[in-house]
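Single-structure report; data block below.
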Amino acid sequence: MIVEPLTIRLRPRSDGAQRLLDYRCDIAPVPLHLCEVVDVFGNAAMQVSFSGVHLEVTIDIEARVETLRTQPFDYLSLDARATNLPAYYDAEVDKALAPYLHRQDVHPKIDQWAIMLAGSSGNQTQPFLLQATEQIARDYDSSNRYGGAPMSPGETFASKRGACRDLAVLMMDVCRSQGIASRFVSGYIHEPGHIGNSELHAWTEVYLPGGGWRGYDPSRGIAVSDQHIPVATGPEPSWAAATEGCYIGDASESSIEYEVSVVMLKI
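Sequence positions in the sequence shown follow the UniProt record's numbering and run 1 to 267.
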């Protein structure tokens, strides 16, 4: 096959919530060109191109990360306009958050459910976020689905099942229906006692003025702290894809295989 230019988003984030200590990326065959970039949403990305025809492309990543956020609610205070539902942002902030508030489709049943959740949460943002996260985890069947784009929020809401990326997209839509800016996050999760290989993981982050972007994991039913390792984010899942590109060859013989291991190291 001939591999077209490829974008790789597998470098863990380094910010106030986690520190990237070491990172290694080995690619075979050796790329003809390689360029490290920051994409439009601030993700660290690598753009590579190859020459010639190849049977496969292998990407081997190893990273050592220190997670810092042990308390998911460690902000000092929140802007009052965003603590009551439906949420509102300052005009300039609202303009900057437009991609994270946009809904491609409006689903009346999701809107009704979000209104019910808001009412039972006293129309308070933080209780609403926790209740939505916990209820999705409790009421939806979380299952692995190794290929394909996320299902639409409407499909997931109707089927009451989905992979982590499907539940993250549903959570995003529930938040946006109440005026809360949300984005898709791809990364990893450390689960003590987990046996076998880990998986790529996905969850949701919401923007809270005074608290910044804060994570909620609807497939686990928890607010995100130091067990999650975010890698890439975007207003839609495609912007946080681990790899993005195409190839010229026989599609019937193509496949993607991956192996993920997340291990806690003693410092």
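By construction, the Cβ of each residue, glycine as well, lies at the ideal position given by its N, Cα and C atoms.
Just so we're clear, the structure is a prediction, and the values are computed from it rather than from any experiment.
Using the C-alpha atoms, what's the distance from residue j back to residue i?
| i | j | result |
| --- | --- | --- |
| Y75 | G211 | 5 Å |
| V263 | D226 | 13 Å |
| A17 | A158 | 35 Å |
| V231 | A202 | 10 Å |
| A137 | G52 | 47 Å |
| I110 | S143 | 21 Å |
| P150 | Q126 | 26 Å |
| E236 | A242 | 13 Å |
| L208 | A44 | 23 Å |
| I27 | H54 | 13 Å |
| W113 | Y89 | 23 Å |
| D166 | L265 | 31 Å |
| L10 | P86 | 35 Å |
| Q178 | I248 | 43 Å |
| A240 | I8 | 10 Å |
| L101 | F41 | 15 Å |
| Q135 | H190 | 22 Å |
| S186 | S238 | 10 Å |
| K160 | R220 | 15 Å |
| H152 | P29 | First, the amino acid is wrong: residue 152 is Ser here, not His. Each residue's alpha carbon lies about 36 Å from the other. |
| D155 | H107 | Checking the sequence shown, residue 155 turns out to be Glu, not Asp. Whole-angstrom Cα-Cα distance: 10 Å. |
| I180 | A82 | 8 Å |
Per DSSP, what kind of secondary structure is residue i in: helix, strand or coil?
| i | result |
| --- | --- |
| H233 | Here the sequence assigns Thr to residue 233, which means His is not the residue at that position. Residue state, collapsed to three classes: strand. |
| L170 | helix |
| E244 | strand |
| R176 | helix |
| S238 | helix |
On the DSSP bridge list, what partners appear for residue i?
| i | result |
| --- | --- |
| G162 | S142 |
| C35 | Q47 |
| R24 | E62 |
| R183 | E205 |
| V213 | The residue you asked about is not Val; residue 213 is Trp in the sequence shown. In the DSSP output, where bridge partners are listed per residue, W213 has Y207. |
| A149 | DSSP output for A149 lists no bridge partner at all. |
| V260 | S198 |
| A17 | DSSP output for A17 lists no bridge partner at all. |
| L6 | V48 |
| H228 | I189 |
If we count the other Cβ atoms within 10 Å of its Cβ and call it buried at 16 or more, is residue i buried or exposed?
| i | result |
| --- | --- |
| P192 | exposed |
| D217 | buried |
| C175 | buried |
| V65 | buried |
| G162 | buried |
| I222 | buried |
| residue 268 | Outside the displayed span of the chain (1 to 267) sits residue 268, for which this structure offers no information. |
| D139 | exposed |
| G122 | exposed |
| Q71 | exposed |
| R145 | exposed |
| D173 | buried |
| E205 | buried |
| V169 | buried |
| L97 | buried |
| I229 | buried |
| Y188 | buried |
| C35 | exposed |
Could you pull out every unbroken alpha helix (DSSP H) segment of at least 4 residues lying fully inside the stretch 62–146, listed in chain order? Segments of the alpha helix (DSSP H) lying fully in the stretch 62–146: 80–83, 91–96, 98–101, 108–120 and 125–139.
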